[in-house]
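Chemist:
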Amino acid sequence: MNVIVPWMVSGKLYLWKLFHSLINYFFNLHIKKAYNINKNCYIFVKRLGSRNEILINHLNCGQSKMYSRLEFKFIKFILSLRRQIPIINIQTIEFSPTLIPGNKFENHFKIWKNSYYNTIRRLNILDLLQDELKKFIIFRINNINLSLKSYKFVIIHFRLIKNDNKTRIALSKCKIYFKNILIGTINNLRISHDKNTNNINVYGDKMVIVISNNFIKFPIIDELVQIGNMFNNDEGGKLPNIFFKEIIIQFTINNHLRLVLTECFLEDFILKCNILVRIWQKDILWLKKCIYDTVNNELEIDNVRMRLFKSTADKIFKSFRPIYKNFYRPKSRSKNKNMSGCKHEKDIGKLNNTACLNHNYIESLNSENTISANDNDLLKSYHPILNNNYLDSCSNFIVKKLFNIQKLTIDFQNGNGSFIFKNFNFSSGEEGFRVSCSKWTFIKNKIIFLDSVNDNSKFIIEYRDNSLFIFPYHLYLNFSIDDFGSTFSEFTNSIGKIVNIFSTGNSSKNNYIYDKFYIDSSRLLFSYKSKPIKMLKLLSGKYIELLNILNIKDLDFILRELTINYPENFGYIISYLISHMLDDILENNFDTLIKNTPISSTYQLKKFIENIPRITGKVYRVLR
Numbered sequence: 059m060n061v062i063v064p065w066m067v068s069g070k071l072y073l074w075k076l077f078h079s080l081i082n083y084f085f086n087l088h089i090k091k092a093y094n095i096n097k098n099c100y101i102f103v104k105r106l107g108s109r110n111e112i113l114i115n116h117l118n119c120g121q122s123k124m125y126s127r128l129e130f131k132f133i134k135f136i137l138s139l140r141r142q143i144p145i146i147n148i149q150t151i152e153f154s155p156t157l158i159p160g161n162k163f164e165n166h167f168k169i170w171k172n173s174y175y176n177t178i179r180r181l182n183i184l185d186l187l188q189d190e191l192k193k194f195i196i197f198r199i200n201n202i203n204l205s206l207k208s209y210k211f212v213i214i215h216f217r218l219i220k221n222d223n224k225t226r227i228a229l230s231k232c233k234i235y236f237k238n239i240l241i242g243t244i245n246n247l248r249i250s251h252d253k254n255t256n257n258i259n260v261y262g263d264k265m266v267i268v269i270s271n272n273f274i275k276f277p278i279i280d281e282l283v284q285i286g287n288m289f290n291n292d293e294g295g296k297l298p299n300i301f302f303k304e305i306i307i308q309f310t311i312n313n314h315l316r317l318v319l320t321e322c323f324l325e326d327f328i329l330k331c332n333i334l335v336r337i338w339q340k341d342i343l344w345l346k347k348c349i350y351d352t353v354n355n356e357l358e359i360d361n362v363r364m365r366l367f368k369s370t371a372d373k374i375f376k377s378f379r380p381i382y383k384n385f386y387r388p389k390s391r392s393k394n395k396n397m398s399g400c401k402h403e404k405d406i407g408k409l410n411n412t413a414c415l416n417h418n419y420i421e422s423l424n425s426e427n428t429i430s431a432n433d434n435d436l437l438k439s440y441h442p443i444l445n446n447n448y449l450d451s452c453s454n455f456i457v458k459k460l461f462n463i464q465k466l467t468i469d470f471q472n473g474n475g476s477f478i479f480k481n482f483n484f485s486s487g488e489e490g491f492r493v494s495c496s497k498w499t500f501i502k503n504k505i506i507f508l509d510s511v512n513d514n515s516k517f518i519i520e521y522r523d524n525s526l527f528i529f530p531y532h533l534y535l536n537f538s539i540d541d542f543g544s545t546f547s548e549f550t551n552s553i554g555k556i557v558n559i560f561s562t563g564n565s566s567k568n569n570y571i572y573d574k575f576y577i578d579s580s581r582l583l584f585s586y587k588s589k590p591i592k593m594l595k596l597l598s599g600k601y602i603e604l605l606n607i608l609n610i611k612d613l614d615f616i617l618r619e620l621t622i623n624y625p626e627n628f629g630y631i632i633s634y635l636i637s638h639m640l641d642d643i644l645e646n647n648f649d650t651l652i653k654n655t656p657i658s659s660t661y662q663l664k665k666f667i668e669n670i671p672r673i674t675g676k677v678y679r680v681l682r
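For the sequence shown, this note's numbering assigns the number 59 to the initial residue and increments by one for each residue that follows.
(1) Buried or exposed, going by whether 16 or more other CB atoms sit within 10 Å of the CB of N474?
(2) Please state the DSSP three-state secondary structure of M124.
(3) How about C495 and N483: do their beta carbons lie closer than 9 Å?
(4) What beta strand (DSSP E) runs, 3 residues minimum, are completely inside the segment 238-283?
(5) Under the assumption that I468 contacts M364 (Cβ atoms under 8 Å), give the Cβ distance between them as a whole number of angstroms.
(6) Tell me the DSSP secondary structure of Y630 in three-state form.
(7) Starting from the C-beta of P625, find all residues in its chain whose C-beta is less than 8 Å away, skip the five residues before and the five after it, and write them out in chain order.
(8) Could you compute how far the alpha carbon of I278 sits from the alpha carbon of F375?
(9) For D541, tell me which candidate among I519, F102, I506, I219 has the shortest Cα-Cα distance.
(10) With distance defined between alpha-carbon atoms, name the residue in L204, I145, I244 nearest to S126.
(11) Report yes if the CB atom of I112 is closer than 9 Å to the CB atom of F135, and no otherwise.
(12) By how many angstroms is the C-alpha of I148 removed from the C-alpha of Y100?
(13) How is the beta strand (DSSP E) around G487 delimited, first residue to last?
(14) Can you round the beta-carbon distance between S485 and K516 to whole angstroms, since I take them to be within the 8 Å contact cut?
(15) Comparing alpha-carbon positions, which option in F615, I195, D351 lies nearest I143?
(16) Could you give the residue range of the alpha helix (DSSP H) that holds S544?
(17) My output table needs one value for H731: the three-state DSSP class, helix, strand or coil.
(18) Can N245 and M265 be called in contact, C-beta distance under 9 Å?
(19) Would you call L76 buried or exposed, if buried means 16 or more other Cβ atoms sit within 10 Å of its Cβ?
(20) So Y382 is in the alpha helix (DSSP H); what residue range does that whole segment cover?
(21) Please identify the residue among F584, F470, I519, I636 whose C-alpha is closest to the C-alpha of L508.
(22) By the three-class DSSP mapping on this structure, what secondary structure does S637 have?
(23) Who are M364's beta bridge partners in DSSP?
(24) Is it right to say G490 is buried, meaning 16 or more other beta carbons lie within 10 angstroms of its own, or is it exposed?
(25) Can you check whether the C-beta of I195 is within less than 9 Å of a C-beta belonging to chain D?
(26) Mapping DSSP to helix, strand and coil, what is L83?
(27) Cα separation between I463 and N223?
(28) Taking the beta carbon of F302 as the centre, do at least 16 other beta carbons fall within 10 Å, making it buried, or is it exposed?
(29) So the candidates are F378, N221, L240, K192; which of them puts its Cα closest to the Cα of V212?
(30) Put N182 into one of helix, strand or coil per three-state DSSP.
(31) Going by the CB atoms, is the gap between K465 and D341 shorter than 9 Å?
(32) Let's see if you can read the secondary structure: which residues bound the beta strand (DSSP E) around T320?
In structure tokens form, the structure reads like this:
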């Protein structure tokens with residue numbers, strides 16, 4: 059007995075080695091050579107019975123049309139009779155696909171008509187096995203190194219569960235590299251696919267994207283677009299539903315600017331999220347309930363709050379200006395410049411005539427509007443009527459709505475108050491942008507300096523051709539030179555700095571902020587609290603000090619339109635505006651002004667005394 063047992067053990071071990079040798083022989087004969095697999099690849103069967111394990115130490119496939127590199131390390135294939143779902147455990151996969159569309163590699167194999175019965179039966183068994191593997195299988199991979207062009211995706215703890223028509227993919231972490239430079243990470247990603255409904259759901263805890271100077275030096279975006287095009291299918295597809303608890307976009311170009319998107323959800327081409335913007339260690343922008351339509355490129359925001367520091371716009375400019383210069387492609391201009399007065403050739407097509415000039419101008423003069431002087435037909439003063447249609451066509455400003463904010467609050471730091479906008483709309487055009495709102499309130503130290511009298515119209519600001527156009531509504535203006543000057547100067551400087559991000563860089567630096575500053579005629583409910591007159595400023599030509607003569611409260615008058623060419627700064631605009639208001643009040647609204655002052659009774663008595671001779675003359679003529 060002592061002799062038989064060792065012989066049985068030795069015989070069993072010999073048969074087991076022989077079994078492995080035969081398996082590896084046929085594996086080497088039919089598979090290794092066909093797929094150019096490394097010679098040191100070895101198959102080992104751990105057990106035969108209810109639980110079977112097939113082990114492969116190292117599998118390295120040679121280059122093919124579908125991939126340039128495919129390497130597996132330590133493969134374990136588990137198949138149990140009690141649990142008839144195959145499980146494949148892989149320690150490491152090195153994969154570099156070429157991503158050629160799969161329809162080019164469809165299996166067109168057909169069994170020949172005079173094939174042997176056993177051949178057909180065995181092929182059918184293989185087909186059944188393949189179908190079962192497609193229905194039920196579990197993949198567990200510790201590490202995946204996926205290389206696509208210059209990109210490298212390092213995936214840790216990958217899990218795939220295929221259960222009939224449902225597929226589940228999970229990974230604990232994914233690191234994204236471009237030329238060995240870390241540009242992003244994804245934590246706890248879950249992907250599910252339902253074959254019956256063709257729905258794809260993506261869930262993730264956290265995504266981090268780092269945008270550095272490497273985005274300018276290297277074609278990171280271009281190669282990413284190329285990779286995306288490789289996955290495109292002519293049949294189209296349904297956009298997956300994507301949800302992330304948190305997405306962080308970190309800009310490290312000249313400054314540290316961070317965008318934090320929370321509760322980010324994409325469904326049916328609609329993106330919903332909340333956004334927080336941080337520059338260095340300061341939170342400067344909060345956006346609540348953002349809804350972005352990716353098809354129409356429109357953004358709806360429920361509430362926005364912004365903290366505006368003096369350096370905020372400059373930091374934003376330094377971060378985004380290099381990105382814009384790198385990705386902006388200026389349009390080629392024709393060598394033959396258009397000298398007709400219109401800026402674009404497409405504007406000429408909109409005109410009724412063949413040119414921007416009205417060649418029938420003389421014939422268009424209306425003689426019916428002439429006024430005779432001293433009944434002499436030879437002497438006529440008339441007002442010609444100009445055909446301004448071509449001017450309207452050339453200055454046509456077509457805008458497209460980009461986003462709408464139900465409530466926008468801008469808090470100016472250093473005690474400069476707050477702007478509160480209602481129904482804030484921002485639109486862009488080829489030549490500038492347009493901002494409109496139903497209500498604009500300026501509050502500082504709990505005092506309202508600017509507000510709307512009613513909500514029947516909109517306050518519109520347009521910026522085009524380096525010119526600023528303002529179309530006010532009926533507004534309440536509690537004017538303060540110091541408060542308006544400091545706040546609006548900081549506001550316009552910030553806007554100008556942000557607008558400069560998108561400038562072409564062709565224009566030289568000027569000593570003025572706009573080519574033209576225009577305010578349309580509007581109705582004002584004007585108030586002003588007088589201050590001590592500074593005679594030195596008055597003598598130096600700053601006539602705004604004349605405004606301090608009187609206390610004005612709720613002065614209702616019409617302000618004429620105002621045009622300022624080449625203003626130096628916003629302080630200059632304020633001074634010019636005040637001077638214009640004084641002239642307008644004194645010329646056209648003086649009576650209204652006097653009624654709102656303490657000397658109103660004296661002024662009314664003076665007017666009555668001045669009217670006595672005229673009234674007496676009328677009475678005398680009537681009696682006569």
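Even glycine gets a Cβ: it sits at the ideal position worked out from N, Cα and C.
Modeler: Here's the rundown:
(1) Buried, by the Cβ-count rule.
(2) DSSP places M124 in coil when its eight states are reduced to three.
(3) Yes, they are a contact pair.
(4) The segment 238-283 contains, as complete beta strand (DSSP E) runs of 3+ residues, the segments 239-252, 257-269 (chain order).
(5) Taking a contact as a CB-CB distance under 8 Å, the pair I468 and M364 counts as one, their CB atoms being some 5 Å apart.
(6) Three-state result, Y630: helix.
(7) If the five residues before and after P625 are omitted, its C-beta is found closer than 8 Å to the C-beta atoms of Y570, I571, Y572, F575, I631, Y634, all from its own chain and listed in chain order.
(8) In this structure, the CA atom of I278 is about 22 Å from the CA atom of F375.
(9) Nearest of I519, F102, I506, I219 to D541, Cα basis: I506.
(10) Closest by alpha carbon: L204.
(11) Cβ distance < 9 Å, so I112 and F135 count as in contact.
(12) Their Cα atoms are separated by approximately 15 Å.
(13) Segment 476-487, the beta strand (DSSP E) holding G487.
(14) About 12 Å separates the two Cβ atoms, so there is no contact after all.
(15) I143 has its Cα closest to that of I195, out of F615, I195, D351.
(16) Here the alpha helix (DSSP H) through S544 covers 539-557.
(17) The question about residue 731 has no answer here: the residues shown for the chain are numbered 59 through 682.
(18) A contact, by the Cβ cut-off of 9 Å.
(19) Here L76 is exposed: its Cβ has fewer than 16 other Cβ atoms, across all protein chains shown, within 10 Å.
(20) Looking at the DSSP string, the run of the alpha helix (DSSP H) that includes Y382 is 370-385.
(21) Here the closest residue by C-alpha is F584.
(22) Note: S637 maps to helix in three-state DSSP.
(23) According to DSSP, which records beta bridges pairwise, M364 is partnered with L343, I468.
(24) So G490 ends up on the buried side.
(25) Absence of chain D from the displayed structure is noted, only one protein chain being present.
(26) Position check: residue 83 holds Tyr in this sequence, whereas Leu was assumed. Correct three-state label for Y83: helix.
(27) Approximately 43 Å, taken between the alpha carbons.
(28) When all chains shown are included, F302 counts as buried.
(29) The residue with the shortest Cα to Cα distance from V212 is L240.
(30) In this structure, N182 counts as helix in the three-state DSSP scheme.
(31) The criterion of a C-beta distance shorter than 9 Å is not satisfied by D341 and K465.
(32) First-last of the beta strand (DSSP E) with T320: 315-325.
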